[in-house]
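Residue numbers (full-length UniProt numbering): 1 to 139.
Don't be surprised by glycine CBs; every beta carbon is placed ideally from N, CA and C.
All values derive from a computational prediction rather than experimental measurement.
Have a look at the structure below, then the notes.
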């Protein structure tokens, strides 16, 4: 049996106003019950920006332009109990104050909520919690 290999995930910080981000409670997969950003796996040949745009649309119905998405941070997530290893690339995009998210994948997410970046509900999914623990700011 081959050893597991790291995978690349992209998480998107959708920023509303000065300090609100969109999070959803995961369901039906690893991390079920944890709060996470919209995002998913980077597909072959895809840029980070393309992945962010695609995942946000698939999960929330929010349309982003690639030009509005930029790099925010990266972290290394080894989930030993689940035998998973991810490199998580965080992208960010500002959205208008009236932006609302739809739950496009109710089998994967309980629903989306806007929260202050410093008040992400617990428990936060490991990649997001690690980002918060680094002291990363939205500024």
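Could you pull the start and end residues of the alpha helix (DSSP H) that residue 126 belongs to?
-> 126-133
State the start and end residues of the unbroken alpha helix (DSSP H) segment that holds residue 52.
-> 48-60
Using a threshold of 8 Å, state whether the C-beta atoms of residue 112 and residue 22 are closer than that.
-> yes
Could you give the residue range of the beta strand (DSSP E) that holds residue 104?
-> Careful: residue 104 lies outside any beta strand (DSSP E) and carries neither H nor E.
Could you please give the first and the last residue of the uninterrupted beta strand (DSSP E) stretch that includes residue 13?
-> 7-16
Contact belief for residue 15 with residue 94 at Cβ below 8 Å, rounded distance in angstroms | 5 Å
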